[in-house]
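Numbering (this note's numbering), first residue to last: 319 to 748.
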(Lines of atoms letter the chains of each structure in order from A and count residues from 1; the text may use other names and numbers.)
(Lines give C-alpha, C1' and ligand atoms only; values in the text may rest on other atoms or scores of the structure.)
Protein backbone atom coordinates (compact mmCIF):
# COMPACT_ATOMS: atom_id res chain seq x y z
CA UNK A 1 0.00 0.00 0.00
CA UNK A 2 1.73 3.17 -1.21
CA UNK A 3 -0.86 5.77 -0.32
CA UNK A 4 0.17 8.41 2.16
CA UNK A 5 -1.90 8.33 5.33
CA UNK A 6 -1.83 11.16 7.76
CA UNK A 7 -0.41 8.92 10.49
CA UNK A 8 2.01 7.13 8.19
CA UNK A 9 3.56 10.04 6.35
CA UNK A 10 6.93 9.01 4.89
CA UNK A 11 9.46 10.71 7.14
CA UNK A 12 13.00 11.56 6.09
CA UNK A 13 15.36 11.03 9.03
CA UNK A 14 19.01 12.01 9.18
CA UNK A 15 21.47 9.23 8.50
CA UNK A 16 23.88 9.10 11.42
CA UNK A 17 27.36 7.71 11.30
CA UNK A 18 27.79 7.74 7.51
CA UNK A 19 31.40 8.04 6.39
CA UNK A 20 32.08 11.11 4.20
CA UNK A 21 32.65 10.25 0.56
CA UNK A 22 36.13 10.73 -0.84
CA UNK A 23 35.95 13.26 -3.64
CA UNK A 24 37.73 16.08 -5.46
CA UNK A 25 37.57 18.43 -2.47
CA UNK A 26 39.60 16.03 -0.34
CA UNK A 27 42.67 16.82 -2.43
CA UNK A 28 42.46 20.51 -1.49
CA UNK A 29 43.59 22.27 1.66
CA UNK A 30 41.04 24.27 3.65
CA UNK A 31 42.48 27.50 2.26
CA UNK A 32 42.18 26.16 -1.31
CA UNK A 33 38.60 25.03 -0.67
CA UNK A 34 37.67 28.45 0.68
CA UNK A 35 39.22 30.16 -2.32
CA UNK A 36 37.37 27.84 -4.71
CA UNK A 37 34.09 28.37 -2.83
CA UNK A 38 34.49 32.14 -2.90
CA UNK A 39 35.17 32.15 -6.66
CA UNK A 40 32.13 29.94 -7.19
CA UNK A 41 29.83 32.29 -5.25
CA UNK A 42 30.96 35.17 -7.47
CA UNK A 43 30.31 33.09 -10.60
CA UNK A 44 26.81 32.15 -9.43
CA UNK A 45 25.89 35.78 -8.76
CA UNK A 46 27.39 36.93 -12.07
CA UNK A 47 25.33 34.30 -13.90
CA UNK A 48 22.10 35.55 -12.32
CA UNK A 49 23.03 39.17 -13.11
CA UNK A 50 23.81 38.57 -16.80
CA UNK A 51 21.97 41.06 -19.08
CA UNK A 52 19.67 38.40 -20.54
CA UNK A 53 18.35 37.78 -17.02
CA UNK A 54 17.49 41.39 -16.19
CA UNK A 55 13.70 41.00 -16.32
CA UNK A 56 13.76 37.94 -14.06
CA UNK A 57 15.86 39.82 -11.52
CA UNK A 58 13.45 42.76 -11.57
CA UNK A 59 10.52 40.41 -10.94
CA UNK A 60 12.34 38.95 -7.98
CA UNK A 61 13.15 42.44 -6.67
CA UNK A 62 9.45 43.30 -6.88
CA UNK A 63 8.65 40.13 -4.92
CA UNK A 64 11.17 41.01 -2.20
CA UNK A 65 9.71 44.49 -1.85
CA UNK A 66 6.16 43.12 -1.68
CA UNK A 67 7.17 40.82 1.18
CA UNK A 68 9.10 43.44 3.16
CA UNK A 69 7.60 44.57 6.46
CA UNK A 70 9.83 47.65 6.66
CA UNK A 71 8.17 50.90 5.47
CA UNK A 72 10.13 52.34 2.55
CA UNK A 73 9.93 55.78 4.17
CA UNK A 74 12.04 54.49 7.09
CA UNK A 75 14.99 53.48 4.89
CA UNK A 76 17.50 55.42 2.83
CA UNK A 77 16.29 54.95 -0.80
CA UNK A 78 19.71 54.07 -2.19
CA UNK A 79 20.37 51.62 0.62
CA UNK A 80 16.90 50.11 0.16
CA UNK A 81 17.50 49.53 -3.55
CA UNK A 82 20.85 47.86 -2.86
CA UNK A 83 19.52 45.62 -0.11
CA UNK A 84 16.44 44.48 -2.03
CA UNK A 85 18.46 43.72 -5.16
CA UNK A 86 21.08 41.78 -3.20
CA UNK A 87 18.32 39.84 -1.46
CA UNK A 88 16.61 39.07 -4.78
CA UNK A 89 19.83 37.77 -6.33
CA UNK A 90 20.60 35.70 -3.23
CA UNK A 91 17.13 34.10 -3.44
CA UNK A 92 17.54 33.21 -7.10
CA UNK A 93 20.90 31.58 -6.39
CA UNK A 94 20.02 29.70 -3.21
CA UNK A 95 16.21 29.59 -2.69
CA UNK A 96 14.65 29.93 -6.14
CA UNK A 97 12.14 32.40 -7.57
CA UNK A 98 9.75 33.60 -4.86
CA UNK A 99 11.49 31.10 -2.54
CA UNK A 100 9.47 28.34 -4.21
CA UNK A 101 12.34 26.04 -5.24
CA UNK A 102 14.24 25.75 -8.49
CA UNK A 103 17.29 27.68 -7.28
CA UNK A 104 20.29 28.08 -9.56
CA UNK A 105 22.29 25.78 -7.27
CA UNK A 106 19.72 22.99 -7.46
CA UNK A 107 19.30 23.34 -11.21
CA UNK A 108 23.07 23.15 -11.72
CA UNK A 109 22.88 19.84 -9.87
CA UNK A 110 20.32 18.61 -12.40
CA UNK A 111 17.25 19.02 -10.21
CA UNK A 112 14.23 20.12 -12.18
CA UNK A 113 11.27 22.01 -10.73
CA UNK A 114 8.22 21.80 -13.04
CA UNK A 115 6.51 24.68 -11.24
CA UNK A 116 9.36 27.11 -12.05
CA UNK A 117 8.92 28.83 -15.44
CA UNK A 118 11.73 28.77 -17.98
CA UNK A 119 12.30 32.54 -17.67
CA UNK A 120 12.45 32.53 -13.85
CA UNK A 121 16.10 33.56 -13.78
CA UNK A 122 17.70 30.34 -12.58
CA UNK A 123 18.38 28.51 -15.85
CA UNK A 124 21.93 27.10 -15.63
CA UNK A 125 22.66 27.13 -19.38
CA UNK A 126 26.07 28.63 -20.07
CA UNK A 127 27.46 28.07 -16.57
CA UNK A 128 29.79 25.07 -16.41
CA UNK A 129 31.18 23.65 -13.17
CA UNK A 130 33.94 21.13 -12.58
CA UNK A 131 33.85 18.19 -10.18
CA UNK A 132 35.21 20.14 -7.20
CA UNK A 133 32.68 22.94 -7.73
CA UNK A 134 29.89 20.39 -8.07
CA UNK A 135 30.94 18.89 -4.74
CA UNK A 136 30.58 22.34 -3.16
CA UNK A 137 27.17 22.81 -4.76
CA UNK A 138 26.05 19.53 -3.19
CA UNK A 139 26.87 21.04 0.20
CA UNK A 140 24.87 24.14 -0.74
CA UNK A 141 21.83 22.30 -2.12
CA UNK A 142 19.64 23.39 0.80
CA UNK A 143 20.83 26.99 0.78
CA UNK A 144 23.35 26.86 3.59
CA UNK A 145 22.16 28.73 6.68
CA UNK A 146 20.30 32.03 6.51
CA UNK A 147 20.33 33.33 10.06
CA UNK A 148 20.71 36.03 12.67
CA UNK A 149 24.05 35.86 14.47
CA UNK A 150 26.03 37.41 17.30
CA UNK A 151 29.81 37.64 16.88
CA UNK A 152 31.31 35.85 19.89
CA UNK A 153 35.00 35.57 19.05
CA UNK A 154 37.74 36.20 16.49
CA UNK A 155 40.21 33.37 15.84
CA UNK A 156 42.99 33.60 13.26
CA UNK A 157 41.26 34.42 9.93
CA UNK A 158 37.68 33.72 10.91
CA UNK A 159 34.91 34.96 13.17
CA UNK A 160 32.94 32.71 15.49
CA UNK A 161 29.22 33.46 15.12
CA UNK A 162 26.48 32.27 17.46
CA UNK A 163 23.23 31.72 15.55
CA UNK A 164 20.26 32.99 17.55
CA UNK A 165 17.89 30.76 15.59
CA UNK A 166 19.47 27.37 16.26
CA UNK A 167 21.76 28.08 19.24
CA UNK A 168 24.79 26.74 17.34
CA UNK A 169 28.18 28.28 16.58
CA UNK A 170 29.64 28.78 13.10
CA UNK A 171 33.28 29.33 12.15
CA UNK A 172 32.88 31.82 9.28
CA UNK A 173 35.44 33.17 6.80
CA UNK A 174 35.05 36.22 4.56
CA UNK A 175 33.80 34.67 1.31
CA UNK A 176 31.88 37.27 -0.76
CA UNK A 177 31.51 39.63 2.19
CA UNK A 178 32.97 43.10 1.76
CA UNK A 179 33.63 43.04 5.50
CA UNK A 180 36.58 40.89 6.51
CA UNK A 181 35.59 38.30 9.10
CA UNK A 182 38.40 39.35 11.40
CA UNK A 183 37.09 42.94 11.33
CA UNK A 184 33.85 41.92 13.05
CA UNK A 185 33.63 42.96 16.69
CA UNK A 186 32.51 40.51 19.39
CA UNK A 187 28.98 41.34 20.51
CA UNK A 188 27.98 42.64 17.07
CA UNK A 189 24.59 41.39 15.75
CA UNK A 190 24.35 40.60 12.04
CA UNK A 191 22.22 38.64 9.60
CA UNK A 192 23.05 36.90 6.36
CA UNK A 193 23.61 33.60 4.59
CA UNK A 194 26.61 31.40 5.30
CA UNK A 195 27.62 28.45 3.13
CA UNK A 196 29.41 25.30 4.30
CA UNK A 197 32.91 24.51 3.07
CA UNK A 198 33.59 21.26 4.84
CA UNK A 199 33.58 22.00 8.56
CA UNK A 200 34.01 25.74 7.98
CA UNK A 201 31.68 28.37 6.49
CA UNK A 202 31.93 31.43 4.26
CA UNK A 203 29.64 34.41 3.82
CA UNK A 204 27.52 34.14 0.67
CA UNK A 205 27.41 37.95 0.56
CA UNK A 206 28.07 40.92 2.80
CA UNK A 207 25.93 40.42 5.93
CA UNK A 208 23.62 43.08 7.32
CA UNK A 209 25.27 44.48 10.44
CA UNK A 210 23.27 46.02 13.29
CA UNK A 211 24.26 48.29 16.13
CA UNK A 212 24.83 46.44 19.42
CA UNK A 213 22.28 48.82 20.96
CA UNK A 214 19.55 47.21 18.81
CA UNK A 215 20.08 43.71 20.19
CA UNK A 216 16.65 43.62 21.87
CA UNK A 217 14.93 44.43 18.57
CA UNK A 218 17.03 41.85 16.72
CA UNK A 219 16.19 39.11 19.21
CA UNK A 220 12.51 40.08 19.21
CA UNK A 221 12.53 39.65 15.44
CA UNK A 222 14.15 36.22 15.74
CA UNK A 223 11.54 35.09 18.27
CA UNK A 224 8.79 36.26 15.91
CA UNK A 225 10.43 34.41 13.03
CA UNK A 226 10.65 31.16 14.96
CA UNK A 227 7.06 31.53 16.13
CA UNK A 228 5.96 31.43 12.50
CA UNK A 229 8.37 28.74 11.30
CA UNK A 230 10.39 26.78 13.86
CA UNK A 231 12.38 24.88 11.22
CA UNK A 232 15.63 26.87 11.66
CA UNK A 233 15.74 25.93 15.33
CA UNK A 234 15.69 22.26 14.41
CA UNK A 235 19.17 22.39 12.95
CA UNK A 236 20.14 21.88 16.59
CA UNK A 237 19.82 18.13 17.33
CA UNK A 238 19.05 18.74 21.01
CA UNK A 239 16.20 21.11 20.19
CA UNK A 240 14.79 18.73 17.58
CA UNK A 241 14.90 15.73 19.93
CA UNK A 242 13.16 17.63 22.73
CA UNK A 243 10.48 18.96 20.36
CA UNK A 244 9.77 15.45 19.07
CA UNK A 245 9.45 14.19 22.63
CA UNK A 246 7.01 16.94 23.57
CA UNK A 247 4.86 16.45 20.46
CA UNK A 248 4.58 12.72 21.20
CA UNK A 249 3.54 13.46 24.80
CA UNK A 250 1.02 16.05 23.63
CA UNK A 251 -0.46 13.69 21.03
CA UNK A 252 -1.12 11.03 23.64
CA UNK A 253 -2.71 13.64 25.92
CA UNK A 254 -4.94 14.97 23.10
CA UNK A 255 -6.20 11.50 22.17
CA UNK A 256 -6.78 10.57 25.82
CA UNK A 257 -8.76 13.77 26.40
CA UNK A 258 -10.95 13.77 23.28
CA UNK A 259 -10.89 10.14 22.14
CA UNK A 260 -9.84 11.25 18.65
CA UNK A 261 -7.18 13.28 16.86
CA UNK A 262 -9.73 15.92 15.85
CA UNK A 263 -12.34 18.13 17.50
CA UNK A 264 -14.74 19.88 15.11
CA UNK A 265 -17.31 22.58 15.79
CA UNK A 266 -17.86 26.30 16.14
CA UNK A 267 -15.01 28.65 16.95
CA UNK A 268 -16.22 28.84 20.56
CA UNK A 269 -16.39 25.05 20.88
CA UNK A 270 -12.95 24.58 19.38
CA UNK A 271 -11.32 27.25 21.55
CA UNK A 272 -12.92 25.68 24.62
CA UNK A 273 -11.38 22.36 23.57
CA UNK A 274 -8.02 24.08 23.19
CA UNK A 275 -8.20 25.50 26.71
CA UNK A 276 -9.04 22.05 28.09
CA UNK A 277 -6.09 20.58 26.20
CA UNK A 278 -3.77 23.33 27.40
CA UNK A 279 -4.84 22.70 31.00
CA UNK A 280 -4.16 18.99 30.53
CA UNK A 281 -0.60 19.31 29.26
CA UNK A 282 0.43 22.34 31.32
CA UNK A 283 3.09 24.79 30.12
CA UNK A 284 6.57 23.35 29.61
CA UNK A 285 9.09 25.56 31.36
CA UNK A 286 11.36 25.72 28.35
CA UNK A 287 11.59 27.18 24.88
CA UNK A 288 8.40 25.92 23.29
CA UNK A 289 5.00 27.55 22.96
CA UNK A 290 1.68 26.23 21.71
CA UNK A 291 -0.51 29.22 21.01
CA UNK A 292 1.28 30.58 17.90
CA UNK A 293 0.79 27.15 16.29
CA UNK A 294 -2.93 27.93 16.25
CA UNK A 295 -2.62 30.46 13.47
CA UNK A 296 -5.09 29.76 10.66
CA UNK A 297 -3.95 27.23 8.09
CA UNK A 298 -5.71 29.32 5.45
CA UNK A 299 -9.23 28.87 4.23
CA UNK A 300 -10.73 28.04 0.88
CA UNK A 301 -10.45 30.79 -1.75
CA UNK A 302 -12.39 33.99 -2.20
CA UNK A 303 -15.81 32.69 -3.27
CA UNK A 304 -16.24 30.52 -0.18
CA UNK A 305 -19.12 30.93 2.27
CA UNK A 306 -19.51 33.47 5.06
CA UNK A 307 -16.77 32.89 7.68
CA UNK A 308 -19.43 32.86 10.42
CA UNK A 309 -20.82 29.65 8.92
CA UNK A 310 -17.45 27.94 8.62
CA UNK A 311 -16.65 24.80 10.60
CA UNK A 312 -13.47 24.90 12.67
CA UNK A 313 -11.36 21.99 13.84
CA UNK A 314 -8.65 21.49 16.40
CA UNK A 315 -6.43 18.64 15.27
CA UNK A 316 -3.27 17.09 16.65
CA UNK A 317 -0.91 15.39 14.23
CA UNK A 318 1.51 12.84 15.76
CA UNK A 319 4.49 14.60 14.15
CA UNK A 320 3.38 18.10 13.16
CA UNK A 321 1.57 18.82 16.42
CA UNK A 322 -1.42 21.06 17.09
CA UNK A 323 -3.28 23.06 14.46
CA UNK A 324 -6.43 25.12 14.30
CA UNK A 325 -8.00 24.59 10.89
CA UNK A 326 -10.39 27.29 9.77
CA UNK A 327 -12.95 26.22 7.15
CA UNK A 328 -12.31 22.56 7.98
CA UNK A 329 -16.04 21.87 7.60
CA UNK A 330 -16.02 22.96 3.99
CA UNK A 331 -12.83 21.01 3.29
CA UNK A 332 -14.57 17.96 4.74
CA UNK A 333 -17.61 18.56 2.55
CA UNK A 334 -15.39 18.60 -0.55
CA UNK A 335 -14.24 15.07 0.30
CA UNK A 336 -17.63 13.55 1.20
CA UNK A 337 -20.16 11.94 -1.13
CA UNK A 338 -21.84 12.71 -3.40
CA UNK A 339 -19.29 14.03 -5.87
CA UNK A 340 -20.71 17.32 -7.15
CA UNK A 341 -19.27 19.49 -9.95
CA UNK A 342 -18.10 22.27 -7.62
CA UNK A 343 -16.00 19.98 -5.42
CA UNK A 344 -13.11 19.22 -7.83
CA UNK A 345 -12.94 22.95 -8.63
CA UNK A 346 -12.54 23.80 -4.96
CA UNK A 347 -10.03 21.01 -4.41
CA UNK A 348 -7.98 22.26 -7.38
CA UNK A 349 -7.74 25.64 -5.66
CA UNK A 350 -6.67 23.96 -2.43
CA UNK A 351 -4.01 21.86 -4.20
CA UNK A 352 -2.52 25.08 -5.59
CA UNK A 353 -2.55 26.76 -2.17
CA UNK A 354 0.79 26.18 -0.39
CA UNK A 355 -0.72 27.16 2.96
CA UNK A 356 -3.00 24.11 3.16
CA UNK A 357 -0.92 21.27 4.67
CA UNK A 358 -0.80 17.99 2.78
CA UNK A 359 -1.33 16.07 6.00
CA UNK A 360 -4.78 17.65 6.36
CA UNK A 361 -5.72 16.37 2.90
CA UNK A 362 -4.33 12.95 3.84
CA UNK A 363 -6.48 12.92 6.98
CA UNK A 364 -9.60 13.84 5.02
CA UNK A 365 -8.84 11.21 2.37
CA UNK A 366 -8.36 8.57 5.06
CA UNK A 367 -11.72 9.42 6.65
CA UNK A 368 -13.70 9.92 3.44
CA UNK A 369 -12.44 7.42 0.83
CA UNK A 370 -15.63 7.04 -1.22
CA UNK A 371 -14.79 9.00 -4.38
CA UNK A 372 -11.12 9.88 -4.02
CA UNK A 373 -10.05 8.66 -7.47
CA UNK A 374 -12.65 10.68 -9.36
CA UNK A 375 -12.26 13.74 -7.10
CA UNK A 376 -8.47 13.95 -7.34
CA UNK A 377 -8.36 13.04 -11.03
CA UNK A 378 -10.59 15.99 -11.85
CA UNK A 379 -8.91 18.37 -9.41
CA UNK A 380 -5.33 17.53 -10.41
CA UNK A 381 -5.87 17.14 -14.15
CA UNK A 382 -4.37 13.63 -14.05
CA UNK A 383 -6.88 11.33 -15.80
CA UNK A 384 -5.14 8.11 -14.78
CA UNK A 385 -4.65 8.97 -11.11
CA UNK A 386 -5.52 6.25 -8.60
CA UNK A 387 -5.42 7.47 -5.01
CA UNK A 388 -4.26 4.13 -3.61
CA UNK A 389 -1.25 4.16 -5.94
CA UNK A 390 -0.59 7.86 -6.56
CA UNK A 391 -1.98 9.76 -3.58
CA UNK A 392 1.24 9.85 -1.56
CA UNK A 393 3.28 11.15 -4.51
CA UNK A 394 0.66 13.80 -5.31
CA UNK A 395 0.74 15.17 -1.76
CA UNK A 396 4.54 15.07 -1.61
CA UNK A 397 4.83 16.90 -4.93
CA UNK A 398 2.57 19.75 -3.79
CA UNK A 399 4.38 20.10 -0.46
CA UNK A 400 7.88 18.58 -0.44
CA UNK A 401 8.44 19.64 3.17
CA UNK A 402 5.51 17.50 4.34
CA UNK A 403 7.76 14.46 4.66
CA UNK A 404 10.23 16.11 7.02
CA UNK A 405 10.08 15.01 10.63
CA UNK A 406 9.82 18.56 11.99
CA UNK A 407 7.54 18.97 15.00
CA UNK A 408 4.91 21.69 14.93
CA UNK A 409 6.04 23.39 18.11
CA UNK A 410 7.23 26.97 17.98
CA UNK A 411 10.02 28.59 19.91
CA UNK A 412 9.30 30.94 22.79
CA UNK A 413 11.51 33.31 24.71
CA UNK A 414 14.50 31.46 26.15
CA UNK A 415 16.62 33.06 23.43
CA UNK A 416 16.43 36.27 25.44
CA UNK A 417 17.96 34.65 28.49
CA UNK A 418 20.75 33.09 26.43
CA UNK A 419 21.70 36.30 24.66
CA UNK A 420 20.85 39.32 26.77
CA UNK A 421 22.70 40.22 29.99
CA UNK A 422 20.48 39.96 33.11
CA UNK A 423 20.37 43.74 33.52
CA UNK A 424 18.79 44.24 30.06
CA UNK A 425 14.98 44.66 30.00
CA UNK A 426 12.99 41.73 28.62
CA UNK A 427 10.60 42.88 25.86
CA UNK A 428 6.89 42.51 26.58
CA UNK A 429 5.23 39.38 25.25
CA UNK A 430 8.39 37.31 25.19
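Every residue gets a Cβ at the ideal spot worked out from N, C-alpha and C, and that includes glycine. Because the structure is a prediction, the values reported are computed rather than measured.
- Counting other Cβ atoms within 10 Å of its Cβ, residue 347 stays below 16 and is therefore classed as exposed.
- The continuous beta strand (DSSP E) containing residue 630 extends over residues 630-635.
- Contact check for residue 575 against residue 598 passes: the beta carbons are separated by less than 8 Å.
- C-alpha of residue 371 to C-alpha of residue 414: approximately 14 Å in a straight line.
- In the displayed model, residue 522 falls within coil according to three-state DSSP, outside both helix and strand.
- Distances from the CA of residue 629 to each of 643, 637 and 638 were compared; the closest alpha carbon is that of 643.
- In the three-state reduction of the DSSP assignment, residue 652 falls in the helix class.
- When the Cα atoms are used, residue 407 and residue 381 turn out to be separated by approximately 12 Å.
- Residue 427 and residue 383 do not touch by the CB rule: their CB atoms are close to 29 Å apart, not below 8 Å.
- Taken through DSSP and simplified to helix, strand or coil, residue 509 comes out as strand.
- CA-CA distance, residue 586 to residue 662, rounds to 30 Å.
- Put simply, the region 529-547 does not touch the region 489-500. Fewer than three CB pairs are less than 8 Å apart.
- Annotation for residue 698: 666, 669 and 712 place their beta carbon closer than 8 Å to its own, counting only its chain and skipping 5 residues before and after.
- Under the three-state reduction of DSSP output, residue 583 falls in the strand class.
- The alpha-carbon of residue 654 is positioned some 15 Å away from that of residue 696.
- Residue 423 sits away from residue 434, with the two beta carbons spaced by 8 Å or more.
- By the criterion of at least three beta-carbon pairs nearer than 8 Å, the region 359-369 is not in contact with the region 466-473.
- If you look at residue 487, you'll find it in the beta strand (DSSP E) that goes 486-491.
- Bridge partners of residue 473 according to DSSP: 476.
- Around the beta carbon of residue 709, 16 or more other beta carbons sit within 10 angstroms, so the residue counts as buried.
- The beta-bridge partner set that DSSP reports for residue 464 consists of 511.
- Taking the CA atoms as reference points, residue 578 sits about 8 Å from residue 572.
- The three-state secondary structure of residue 346, taken from DSSP, is coil.
- With 16 or more other Cβ atoms inside 10 Å of its own Cβ, residue 409 counts as buried.
- A distance of 8 Å or more separates the beta carbons of residue 487 and residue 476.
- Counting only the Cα atoms, residue 716 lies some 7 Å from residue 672.
- Taking the C-beta atoms as reference points, residue 678 is found no nearer than 8 Å to residue 565.
- Shown here for residue 515: same chain residues with a beta carbon closer than 6 Å to its own, the five before and five after excluded, namely 351, 352 and 355 in chain order.
- Here the alpha carbons of residue 369 and residue 726 stand approximately 43 Å from one another.
- Looking at 365, 374 and 524, the one whose alpha-carbon comes closest to that of residue 502 is 524.
- One Cα belongs to residue 464, the other to residue 659, and the distance between them is close to 45 Å.
- Counting along the chain, the unbroken beta strand (DSSP E) around residue 639 starts and ends at 639-643.
- For residue 503, the three-state secondary structure derived from DSSP is coil.
- Here DSSP, grouped into helix, strand and coil, assigns residue 678 to helix.
- The criterion of a C-beta distance shorter than 8 Å is satisfied by residue 509 and residue 467.
- Taking all protein chains in view, the Cβ of residue 551 is crowded by 16 or more other Cβ atoms within 10 Å, so the residue is classified as buried.
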